[in-house]
């Protein structure tokens with residue numbers, strides 16, 4: 120695998136790149152170009168995310184800045200139901216549509232500037248993914264997680280992400296591992312910005328998943344991480360957690376560089392276990408209203 124340089128596509132950033140590059144010098148040049156593209160797209164996503172946080176959501180109405188800050192011409196070319204789906208999902212992920220929020224078709228359609236049909240189709244898709252649920256006498260609401268559901272999510276994360284780490288130690292190329300290191304090192308410049316840290320953390324995990332080079336595992340992890348959007352604010356906002364996460368990510372990268380699947384798997388397991396402890400404390404805090 121070391122003689123082959125493979126550049127890949129990070130789905131949420133939509134960066135086109137050839138699957139395989141031959142030749143060390145040309146490959147490294149193109150790899151650096153890909154990294155520059157990743158950085159540019161990441162910064163763009165961070166700006167969009169920060170804009171979307173400026174206006175809190177009231178009841179079930181989407182803030183106008185969320186609509187305005189969506190990807191403009193790129194979104195305009197999408198089918199209306201896909202556009203509605205992406206904007207609603209982003210609002211859930213950003214916490215603008217918190218768990219328990221009632222989702223009324225008429226109000227959402229007005230906020231999004233769409234008819235009710237694409238909104239209804241988007242809500243149906245979100246329901247199939249578990250992000251919203253149809254409750255008797257209330258209609259569609261953003262799914263609320265209880266303690267057992269949070270536990271189940273993290274159990275699956277531990278199993279799947281540790282598997283991805285072990286596979287990445289075997290199958291990731293040197294360029295892919297180098298990219299992971301670069302992503303981790305970006306954390307140091309985001310130390311005072313939880314939003315950027317959360318975005319960079321998501322990029323790290325998405326990239327790690329792809330480094331496993333297993334399409335079925337990747338599909339399962341994507342579905343799992345959609346449900347993670349229901350958890351609310353990032354654990355990285357908790358004092359001390361950002362530093363701990365950085366050290367855990369860096370240790371994982373070092374295990375990948377050493378091509379040590381067992382060590383990579385163990386580090387990934389401990390990383391998810393630590394994240395779960397912090398998440399559980401946050402959940403208890405939110406439930407108690409403190």
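Numbering (our numbering), first residue to last: 120 to 409.
We put the CB at the ideal spot given by N, CA and C, even for glycine.
Nearest residue (CA-CA) to residue i, options the options
{"i": "residue 368", "options": "228, 388, 236", "result": "388"}
{"i": "residue 294", "options": "330, 263, 319", "result": "330"}
{"i": "residue 249", "options": "264, 235, 239, 257", "result": "264"}
{"i": "residue 241", "options": "328, 276, 204", "result": "204"}
{"i": "residue 257", "options": "290, 222, 288", "result": "222"}
{"i": "residue 215", "options": "381, 292, 349", "result": "349"}
{"i": "residue 328", "options": "393, 277, 358, 269", "result": "277"}
{"i": "residue 208", "options": "268, 197, 245, 377", "result": "245"}
{"i": "residue 391", "options": "358, 262, 269, 377", "result": "269"}
{"i": "residue 247", "options": "378, 380, 345", "result": "345"}
Neighbourhood of residue i by C-beta distance below 7 Å, restricted to the same chain and skipping five residues each side
{"i": "residue 199", "result": "233, 237"}
{"i": "residue 279", "result": "336, 339, 340, 343"}
{"i": "residue 260", "result": "219, 220, 221, 222, 251, 252, 254"}
{"i": "residue 370", "result": "386"}
{"i": "residue 374", "result": "288, 382, 383, 386"}
{"i": "residue 366", "result": "none"}
{"i": "residue 283", "result": "327, 328, 331, 336, 340"}
Beta-carbon contacts of residue i that lie in its chain and below 6 Å, excluding the five residues immediately before and after
{"i": "residue 312", "result": "none"}
{"i": "residue 395", "result": "273"}
{"i": "residue 281", "result": "384, 387, 388"}
{"i": "residue 316", "result": "309, 355, 361"}
{"i": "residue 332", "result": "290"}
{"i": "residue 397", "result": "354, 357, 360"}
{"i": "residue 141", "result": "In this prediction, residue 141 scores a pLDDT of 41, lower than 50, which makes its location untrustworthy; no coordinate-derived value is stated."}
Rounded C-alpha distance that separates residue i from residue j
{"i": "residue 212", "j": "residue 219", "result": "14 Å"}
{"i": "residue 230", "j": "residue 251", "result": "18 Å"}
{"i": "residue 406", "j": "residue 286", "result": "38 Å"}
{"i": "residue 266", "j": "residue 306", "result": "30 Å"}
{"i": "residue 132", "j": "residue 372", "result": "Unreliable placement is indicated for residue 132, whose pLDDT of 40 sits below 50; no coordinate value is reported for it."}
{"i": "residue 228", "j": "residue 347", "result": "25 Å"}
{"i": "residue 217", "j": "residue 275", "result": "23 Å"}
{"i": "residue 320", "j": "residue 314", "result": "10 Å"}
{"i": "residue 292", "j": "residue 376", "result": "10 Å"}
{"i": "residue 206", "j": "residue 243", "result": "14 Å"}
{"i": "residue 334", "j": "residue 380", "result": "19 Å"}
{"i": "residue 202", "j": "residue 196", "result": "9 Å"}
{"i": "residue 322", "j": "residue 262", "result": "24 Å"}
Close Cβ partners of residue i (< 8 Å) along its chain, the five nearest in sequence each way excluded
{"i": "residue 239", "result": "224"}
{"i": "residue 363", "result": "393"}
{"i": "residue 235", "result": "224, 225, 228"}
Distance cut-off 7 Å: residue i Cβ against heavy atoms of the ligand MG
{"i": "residue 302", "result": "Of the ligands one can find in the structure shown there are none, so the ligand MG has no counterpart to examine."}
Minimum length 4: unbroken alpha helix (DSSP H) runs contained in the region 186-257: 192-195, 199-212, 224-231, 235-247
Contact between the region 380-398 and the region 299-318 (3+ Cβ pairs under 8 Å): no
Given 8 Å, three or more beta-carbon pairs between the region 394-403 and the region 351-358: yes
Secondary structure, alpha helix (DSSP H): runs of 4+ residues fully inside the region 356-380: 360-376
Whole alpha helix (DSSP H) elements within the region 315-348, 4-residue minimum: 334-347
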